[in-house]
Amino acid sequence: MKVRHALLYGLTSALRQKRTVAALYLLSLLFALLLLAPLLPLVGGTLGRSLAGSGVESRLDLAVAADWLRTHGGELAAFRGFATGAVVVYLLAATFLSGGVVHLLLSPRPERWLAGFLHGCGLHFGRFLRLLLCHLPLLLLVAGANRSGDTVVRYWFEDTPHEVAATLALWGKQGLAILALTGIAAVFDYARIGIALEERRSALRALAAAGRFALANPGAVLAIRLLAFGSAGTILILYVAASRWLLPGAAWISLLLLQQGVILARSFLTVWRYAAELNLYRGRGLTEDARLLSRLTSPAAVRSALS
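To convert, take the position in the sequence shown, counting from 1, and add 11; that gives the working numbering.
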């Protein structure tokens, strides 16, 4: 019941907060252009010509792809360097933009559209950045545990005929890794909400409060986050399927419009997710206040106060 109410609240909030979705879309598009600009000469040059000539972009041919990877090691090394920097910029941009989303969702009255969004981004960026610095080691820890799990599964099932069991073990390990990453991401979402809602100055205290809340409501927390994760994954799958259907004969404007639709849908999902989590977190706070009030107004508390 709590999850359904939170999801409906998130959906109606995202539909009402059209300006928030639009601001997030425009700024996400701006950051995407800034990220892609350094890659355009590389992709449009040697890599682009070789991709077009080999046909890797239009069909899944593992032999062609392997040969292409062997013959373009230098360009790929440069591409990986750009990609690493792009990941860092993406994490910083996502941290910056989340402040604007949470700020406008908590705003008691409508603020100026883009100015209010940017004000929220700057207002919470410092504390949200400290949360990101706490988030990265946990991501590396889960990634390391996942790789260690691969090694254990290969060692355990090596030289054995139990291929089905090995496959199930690998899928189970991968599922646990996704579940762990989802739970960690949800805790940090609630920490951001706690910082903005309760005006917490300490990122660590907000993270501790969010962790306690997630442990008290594991089903609801994971349900909202997994549904958001599944929705984003569905959008990505539809985008890949549509782009493969359009390639190679489609005009570039068709792919551009398709990509804009993906960015807009992801912006809507982000606002919807934060609104649903905000509703769930606020419901926790109201429940705790009601319990405290009931304890203070109970007959035993009244008799104790009078005596």
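Here a beta-carbon is modelled for each residue, glycine too, at the ideal position from N, C-alpha and C. As the structure is a computational prediction, the values presented were derived from the model and not from experiment.
Apply the 10 Å Cβ neighbour rule to residue 166 and answer buried if 16 or more other Cβ atoms are within range, or exposed otherwise.
exposed
Less than 6 angstroms between C-beta atoms, sequence neighbours within five positions excluded: which residues of the same chain meet that for residue 321?
Limits of the chain in this structure are 12 at one end and 318 at the other, which puts residue 321 out of reach.
Since residue 381 contacts residue 197 with CB under 8 angstroms, what's their CB separation in whole angstroms?
A query on residue 381 cannot be resolved here, the shown segment of the chain reaching from 12 to 318 and no further.
Residue 64 by DSSP, collapsed to three states: which one?
In this predicted model, residue 64 has a pLDDT of only 47, less than 50, meaning its place in the structure is not dependable; the value taken from the coordinates is given anyway. In the structure shown, residue 64 sits in a helix (DSSP, three-state: H, G or I).
Using the rule of at least 16 other Cβ atoms within 10 Å of the residue's Cβ for burial, across every protein chain shown, is residue 256 buried or exposed?
Residue 256 is exposed by the Cβ-count criterion.
Starting from the C-beta of residue 337, find all residues in its chain whose C-beta is less than 6 angstroms away, skip the five residues before and the five after it, and write them out in chain order.
The structure shown does not extend to residue 337, since the chain is modelled only from 12 through 318, so no value can be given for it.
When the Cα atoms are used, what is the spatial distance from residue 245 to residue 138?
One C-alpha to the other measures close to 32 angstroms.
Determine the burial state of residue 204: buried for a count of at least 16 other Cβ atoms within 10 Å of its Cβ, exposed for fewer.
Buried, by the Cβ-count rule.
Measure the CB-CB distance between residue 235 and residue 190 and report whether it falls below 8 angstroms.
Not a contact, by the Cβ cut-off of 8 angstroms.
Validate contact between the stretch 15-26 and the stretch 270-277 using beta carbons, cut 8 angstroms, 3 pairs
no
Quick check on DSSP: helix, strand or coil for residue 106?
helix
Excluding the five sequence neighbours on either side, which residues of its own chain have a C-beta within less than 7 angstroms of the C-beta of residue 193, listed in chain order?
233, 236, 237, 240
Residue 111, buried or exposed, once every other Cβ within 10 Å from all chains shown has been counted against 16
So residue 111 ends up on the buried side.
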